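Line order of the protein sequences matches chains F and E. Position one of the first sequence corresponds to residue 383 (our numbering), numbered consecutively onward. Position one of the second sequence corresponds to residue 6 (our numbering), numbered consecutively onward. Just so it is clear, CB atoms sit at the ideal spot from N, CA and C, and this is done for glycine as well. Every value quoted in this text rests on a predicted model; they were computed, and no experiment measured them.
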Amino acid sequence: MTDDLFAAVPTLWLFIFFFAPLALTAAISFGHSSFGDVAFGMTLDNYRTALSGFYRVAFLRTLQFAATGCLLCIVVAFPAAFFIARRSGRFEKAAIVLVLVPYFTSFLIRVMSWQILLSRGGPGEALLHGLHLYSGPLDLMDTKTAVFIGMVYSYLPIAIVPLYVVLRRIPVALEDAGRDLGAGRFSTFFLIILPLARPGIATAILLTGVPMLGEMVIPTLLGGDRGVLMGQAISSQYIDAQNYALGSAMAMLVLVSVGVLVALLARFTRGFAETAP
Amino acid sequence: MRRSNPAPTSLAGRAGDAGLALWYALVVVFLFAPIATSIVYSFNLGTLGKQTALFTGWTLGWYGAAFDNLTLRHAVETSLVVSLYSAIIAVFVGSALGFAMVRHPRAAVRAALTGMTYILLIVPETVMGVSLLLFYAVTEIRLGMATLVAGITPLAISVTALIVRAGVLTLDRKLEDAAADLGAGRLQTFRFVVLPHLAPAIAAAALMAYVFSFDNLVVSTFLTTPLVNTLPVYLYGSLQYGPSPAIYAAASAIFAFTLAIVAVAGLLYRLAVRR
Chain F
383 MTDDLFAAVP
393 TLWLFIFFFA
403 PLALTAAISF
413 GHSSFGDVAF
423 GMTLDNYRTA
433 LSGFYRVAFL
443 RTLQFAATGC
453 LLCIVVAFPA
463 AFFIARRSGR
473 FEKAAIVLVL
483 VPYFTSFLIR
493 VMSWQILLSR
503 GGPGEALLHG
513 LHLYSGPLDL
523 MDTKTAVFIG
533 MVYSYLPIAI
543 VPLYVVLRRI
553 PVALEDAGRD
563 LGAGRFSTFF
573 LIILPLARPG
583 IATAILLTGV
593 PMLGEMVIPT
603 LLGGDRGVLM
613 GQAISSQYID
623 AQNYALGSAM
633 AMLVLVSVGV
643 LVALLARFTR
653 GFAETAP
Chain E
6 MRRSNPAPTS
16 LAGRAGDAGL
26 ALWYALVVVF
36 LFAPIATSIV
46 YSFNLGTLGK
56 QTALFTGWTL
66 GWYGAAFDNL
76 TLRHAVETSL
86 VVSLYSAIIA
96 VFVGSALGFA
106 MVRHPRAAVR
116 AALTGMTYIL
126 LIVPETVMGV
136 SLLLFYAVTE
146 IRLGMATLVA
156 GITPLAISVT
166 ALIVRAGVLT
176 LDRKLEDAAA
186 DLGAGRLQTF
196 RFVVLPHLAP
206 AIAAAALMAY
216 VFSFDNLVVS
226 TFLTTPLVNT
236 LPVYLYGSLQ
246 YGPSPAIYAA
256 ASAIFAFTLA
266 IVAVAGLLYR
276 LAVRR
């Protein structure tokens, strides 16, 4: 009795405030587009519009941005996670907490300071000049690079965590065995560690890729008005153009992309038991 | 099981490990530098009341300016209330969910609930925000405090459910059996055995739900109105048009506030998952 109540209350609440709105969006995406009005229907026009011209470019750009951002995140996160899981010794707990702390603080404060760091004459420029890595003014604000920096920065902690969780489960004995059998450091890494880390990589891709597919805040604050991404395009369909049907179709395209990503990752980790943290 | 390697003896091995340590250190610097920048620049004089990339001098004035800004203060009050409501709902609904995910007698129900919780986490917030806006438009419910709270609860619920679930997983079923053997009814067992054990997990979950709700920006962007405007949404709006350093002062103050809550939640969580 209590068991069923415990299951039913959250299900009911989430059906009303989560799944019903999503279902409505799905329904409206087949509706007729009109200004500021909601009209149900059974047409694919919105999808046709969403996949042509300017919107098509925005959609493809978003996929490309999310894929690149995800990859960059994992490349930066992996060595750090490896260090925390296998080389930090008795400081392991402190080492993982340290990278997690920024994630649990205000998202906005973490993104907004990049406006200063990347601006001409700012501390970022001063640092690069000081290290003799770069000379001349730094012109990164309102560029693609700024958006990538912002995305990698924002989601790095949640890429590190699943990688850390999976890497700390791989027995050191396997590394030793590989080495005893004549594998060098690189073959040990690529033939033993990396394949066993697959579930962690998949989770990291999911956790970073999903927000990147819908990203709205980072490109607005750091990318200027050049190169609109889907998150911004959807938002402006609702807020400015008030074409709910087209906005819904675009939102559904993002959701379908997320679904495809989940399916691909499930395939990628086939054969592993449940390893979610 | 030994998990750490002994110090490698070969030169290449040591160089590799030093490289990993260096990489980790750089990641930590990368993660904290922007936060430090925000805090430092909340003391920046700026030019003509605007934030500048060049540090022009120290002042404490922006904290006062932020405090005197009535719109900002109103936004802070709204945020405090909205996240409180959201956290309260999340504690009840999310804890029930977290408990049922582990303890519901039927495996199919457990799997469905777990799947549902993960779906909450993989729907992009932008999609959720516009869906809710549409939902309230179609059902002709006027946007206000209640619609905003309801809109941000799913995220808070998923966070609460996952933390409470971790706590339930460490709960020893034998204790409940013992209580039953000693004559306690189901409700009594729950009240006197299960709940006290889960208390730290639930408290940690409540605090995290509060922080997540307080920081929510994307879903809130779509559901705030001129009357019900939360702090992150207000700051986000200001940031798009050459902000005053007072915005940085306000953000730094929230940073300290959320960090303190997260620290307490972290301590409670450690208590919760210890067997």
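| Item | Value |
| --- | --- |
| Cβ separation of ALA214 of chain E and GLY99 of chain E, assumed to be a contact under 8 Å, to the nearest whole Å | 7 Å |
| GLY414 of chain F (DSSP reduced to helix, strand or coil) | Correcting the residue identity first, residue 414 of chain F is His in this sequence and not Gly. Of the three classes helix, strand and coil, the one that applies to HIS414 of chain F here is strand, per DSSP. |
| Cβ contact check for the segment 171 to 188 of chain E and the segment 121 to 138 of chain E: 3 or more pairs under 8 Å | no |
| Nearest-angstrom Cα separation, counted from LEU222 of chain E out to LEU482 of chain F | 20 Å |
| Residues bridged to ASN49 of chain E (per DSSP) | E:TRP63 |
| Chain-order list of residues whose beta-carbon lies under 8 Å from that of PHE260 of chain E (same chain, five-residue window excluded) | ILE40, SER43, ILE44 |
| Buried or exposed (CB count within 10 angstroms, at least 16 for buried), GLN245 of chain E | exposed |
| Contact check, VAL128 of chain E vs LEU637 of chain F, beta carbons under 8 Å | yes |
| Host alpha helix (DSSP H) of HIS511 of chain F (start-end) | 505 to 512 |
| Span separating the alpha-carbon of LEU25 of chain E from that of PHE464 of chain F | 8 Å |
| Residue-level contact to chain F via CB, ASP22 of chain E, 8 Å cutoff | yes |
| Of the residues F:MET383, F:PHE397, F:LEU499, the one placed nearest LEU36 of chain E, counting alpha carbons only | F:LEU499 |
| Members of the segment 63 to 85 of chain E that neighbour chain F once the beta carbon cut-off is set at 9 Å | none |
| Neighbour flag for THR525 of chain F against chain E, beta carbons, 8 Å | no |
| Identity of the residues DSSP links to LYS55 of chain E by a beta bridge | E:THR52 |
| For ALA584 of chain F and LEU647 of chain F, believed in contact at Cβ under 8 Å, the rounded distance | 4 Å |
| Beta-carbon proximity check, VAL610 of chain F vs ALA462 of chain F, cutoff 8 Å | no |
| Whole-angstrom distance between LEU509 of chain F and PHE397 of chain F, CA atom to CA atom | 51 Å |
| ALA421 of chain F - DSSP class collapsed to helix/strand/coil | strand |
| is_contact[ILE259 of chain E, chain F] using C-beta, thresh 8 Å | yes |
| CB contact check: VAL610 of chain F to chain E, cutoff 8 Å | no |
| is_contact[PHE110 of chain E, chain F] using C-beta, thresh 8 Å | The residue asked about is misnamed: residue 110 of chain E is Pro in this sequence, not Phe. Cβ-Cβ to chain F under 8 Å: yes for PRO110 of chain E. |
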